[in-house]
Amino acid sequence: MRVVVRAATPADVPMIAALLTSSLSDDPFFRPLLPEGPQRLTGAVRFFAAYALTHLGRDRALDVACADDGRVLGVAAWTYRPEGRSSLASRQTGRSVHYVRAIGVRKILRALRLRQEIEHRRPFGTHWWLSAIAVDESARRLGVGSALLTHRLALIDAAHEAAYVEATSDTAVALCECFRFLPQATQGGNAGYPMQAMSREPTRPMHRYD
Numbered sequence: 001m002r003v004v005v006r007a008a009t010p011a012d013v014p015m016i017a018a019l020l021t022s023s024l025s026d027d028p029f030f031r032p033l034l035p036e037g038p039q040r041l042t043g044a045v046r047f048f049a050a051y052a053l054t055h056l057g058r059d060r061a062l063d064v065a066c067a068d069d070g071r072v073l074g075v076a077a078w079t080y081r082p083e084g085r086s087s088l089a090s091r092q093t094g095r096s097v098h099y100v101r102a103i104g105v106r107k108i109l110r111a112l113r114l115r116q117e118i119e120h121r122r123p124f125g126t127h128w129w130l131s132a133i134a135v136d137e138s139a140r141r142l143g144v145g146s147a148l149l150t151h152r153l154a155l156i157d158a159a160h161e162a163a164y165v166e167a168t169s170d171t172a173v174a175l176c177e178c179f180r181f182l183p184q185a186t187q188g189g190n191a192g193y194p195m196q197a198m199s200r201e202p203t204r205p206m207h208r209y210d
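What follows is the structure, encoded as structure tokens:
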């Protein structure tokens, strides 16, 4: 199967939301943020639609891996983090309106607290944070996740920037290790959910000595 990786567009949001709902609703990072009870499924779809829309904005990147027929087979969401640890909560406030209808104010406050905790764990220097990567069940073990990482990391390497991820499964850890992500000391005990913090050092620029 030929897979094409490209930047997502607003037209992709419904397919992205459906894929993320089926793949990440039980993920230990996202599960506490989703609605509970009989509205869980519809609420999760709305949440991930909002999540996709916010990653179409500035300092974000949303990549999709597509089949020849246009189906979205995989998604990777990235957030740019400049050097230092400025208030993440204040930057998120403007985006929170997208989530209110999906999960309500109480869950929004929990999400902001969770993101602030991540802010304190992440590397100090400039980097890209891989906040989510998911592959449709029908396309797993076909190299879709690798294609997504290859695409974005090539751009990150070209800019000589670092990357960071909090992997919540052994599969994610193994995939990231193949792309030079190295485990960090921060473990799930500090996060409140099972995860492995991993970082990837920037490539060094080539110097010519003529």
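For the sequence shown, this note's numbering puts the final residue at 210, and the numbers step up evenly by one.
Beta carbons: idealized from backbone N, C-alpha and C, even for Gly.
On a predicted model such as this, the values are computed, not experimentally measured, just so you know.
- Spatial neighbours of T203 in its own chain (CB-CB distance under 8 Å, excluding positions within 5 residues in sequence) are listed in chain order as D157 and H160.
- Around A17, the same chain offers V45, F48, A49 and A52 as residues with beta carbons nearer than 7 Å, after the five sequence neighbours per side are excluded.
- For V3, no beta strand (DSSP E) run applies, since DSSP gives it neither H nor E.
- Under the DSSP assignment, S23 falls in the alpha helix (DSSP H) whose first and last residues are V13 to L24.
- Scanning its chain for C-beta atoms nearer than 6 Å, with the 5 sequence neighbours on each side dropped, one finds around L149 the residues F179, in chain order.
- If you check the CB distance, Y193 and P32 come in under 9 Å.
- A172 and R101 have their alpha carbons spaced roughly 30 Å apart.
- Listed as beta-bridge partners of I133 by DSSP are A76.
- The residue from F181, G125 and V75 with its alpha-carbon nearest to that of L24 is V75.
- The criterion of a C-beta distance shorter than 9 Å is not satisfied by A162 and E137.
- When the alpha-carbon of I118 is set against those of A147, L182, A167 and L62, the nearest one is in A167.
- The beta carbon of D12 sits closer than 7 Å to the beta carbons of V64 and V72 from its chain, once the five residues preceding and following it are set aside; these are given in chain order.
- In chain order, V5 and D63 place their CB closer than 7 Å to the CB of H151, counting only its own chain and leaving out the 5 sequence neighbours on each side.
- Looking at the DSSP output, S199 sits in a beta bridge with Y164 and L182.
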